[in-house]
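Engineer: This structure is in structure tokens; I'll ask about it shortly.
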Amino acid sequence: TIERLAFGGEGVGRADGKVVFVPLTAPGDQVRVRITAHHARYDRGVVEEVVQPSPHRATPRCSVFGRCGGCHWQHLGYPAQIQAKEEILKDTLARVGRISEVKVLPMIPASEPWNYRNRIQLHVDERGEIGFFASGSHEVVPFDRCEIADERLSEWVQSARGNGKIPTSRFEIAVDAEGCVST
48 TIERLAFGGE GVGRADGKVV FVPLTAPGDQ VRVRITAHHA RYDRGVVEEV
98 VQPSPHRATP RCSVFGRCGG CHWQHLGYPA QIQAKEEILK DTLARVGRIS
148 EVKVLPMIPA SEPWNYRNRI QLHVDERGEI GFFASGSHEV VPFDRCEIAD
198 ERLSEWVQSA RGNGKIPTSR FEIAVDAEGC VST
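And the structure:
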């Protein structure tokens with residue numbers, strides 16, 4: 048059973064008394080996990096099966112969620128994301144900062160949890176595909192639209208694919224205050 052989320056969004060559970068970090072899980076998930084890395088104080092694993100999903104689970108909007116390394120939270124409903132981030136802050140203050148008796152004000156949710164990023168970093172593979180790196184690798188994952196980026200950035204990527212004018216193997220695009228996209 049996944050007990051909580053850690054900094055970075057990985058689920059935290061226990062197996063044989065040892066902490067196991069499992070990406071793309073939600074607090075309350077009951078999962079069957081394959082251990083992929085053993086460490087002295089913790090293990091890492093990947094989900095083999097979601098036996099019982101958490102009530103906090105949501106269907107990701109992104110078509111490449113889980114393959115792209117950019118998002119780690121879309122499988123959670125937005126209220127659960129806010130709650131998890133507040134708990135992570137409190138845990139970090141206590142564990143790293145050694146501050147346990149601090150009052151943390153409630154998180155202020157974004158007015159819109161989608162299309163808020165005004166800047167993204169993209170990569171181009173040897174075939175000329177534009178996308179984000181897959182989690183933990185240099186494999187480019189192409190996408191049609193990024194659900195957390197300003198819609199004009201996704202439109203720019205589609206246009207660049209169509210006209211063949213791709214800047215370099217790694218570049219950044221951004222929307223400025225006037226709404227112009229620049230590389």
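Position 172 of the sequence shown, counting from 1, maps to 219 under the numbering used here, and the rest follow consecutively.
Virtual Cβ for every residue (Gly too), placed ideally from N, Cα, C.
Everything numeric in this text was worked out from a predicted model, so none of it was measured.
Rounding to the nearest angstrom, what Cα-Cα distance links Gly56 and Thr48 in this structure?
Structural biologist: As a position in the sequence shown, residue 56 is number 9, starting the count at 1. As a position in the sequence shown, residue 48 is number 1, starting the count at 1. The alpha-carbon atoms of Gly56 and Thr48 are separated by roughly 16 Å.
Engineer: Do Arg81 and Val97 have their C-beta atoms within less than 7 Å of each other?
Structural biologist: By one-based count along the sequence shown, residue 81 stands at place 34. By one-based count along the sequence shown, residue 97 stands at place 50. In this structure, Val97 does not lie closer than 7 Å to Arg81 by Cβ.
Engineer: Hey, would you say Pro100 sits closer than 7 Å to Ile129, going by beta carbons?
Structural biologist: As a working note, residue 100 is residue 53 in the sequence shown. As a working note, residue 129 is residue 82 in the sequence shown. Contact: no.
Engineer: So for Lys150, helix, strand or coil by DSSP?
Structural biologist: Residue 150 sits at position 103 when you count from the first residue of the sequence shown. If DSSP states are grouped into helix, strand and coil, Lys150 belongs with coil.
Engineer: Contact between the stretch 139 to 149 and the stretch 173 to 190: three or more CB pairs below 8 Å?
Structural biologist: Touching, no.
Engineer: Residues in the same chain with beta-carbon distance under 6 Å from Ala84, minus the five sequence neighbours each way, listed in chain order, please.
Structural biologist: Here residue 84 refers to the residue found at position 37 when the sequence shown is read from its first residue. Only Arg91 meet the Cβ criterion.
Engineer: When you compare the CB positions of Val166 and Ala221, do they come within less than 7 Å of one another, or not?
Structural biologist: Position 119 of the sequence shown holds residue 166. Position 174 of the sequence shown holds residue 221. Sequence inspection shows Arg at residue 166; the Val mentioned does not correspond to that position. Yes, these two residues count as a Cβ contact at 7 Å.
Engineer: Here's the rule I'm using: 16 or more other beta-carbon atoms within 10 Å means buried, otherwise exposed. How should His86 be labelled?
Structural biologist: Taking the sequence shown and counting its residues from 1, the one referred to as residue 86 is at position 39. Its Cβ having fewer than 16 others within 10 Å, His86 is exposed.
Engineer: Could you check whether Arg208 and Ser201 sit closer than 7 Å to each other, using their CB atoms as the reference points?
Structural biologist: Within the sequence shown, residue 201 is the residue found at index 154, counting from 1. Within the sequence shown, residue 208 is the residue found at index 161, counting from 1. No. Outside cutoff.
Engineer: Between the C-alpha atoms of Phe190 and Ala53, what's the straight-line distance to the nearest angstrom?
Structural biologist: The residue you call residue 190 lines up with position 143 of the sequence shown. The residue you call residue 53 lines up with position 6 of the sequence shown. Using only the alpha carbons, I get a separation of about 27 Å.
Engineer: Compute the Euclidean distance between the alpha carbons of Cys227 and Gly124, then round it to the nearest angstrom.
Structural biologist: Here residue 227 corresponds to residue number 180 of the sequence shown, with the count starting at 1. Here residue 124 corresponds to residue number 77 of the sequence shown, with the count starting at 1. Roughly 31 Å separates the two Cα atoms.
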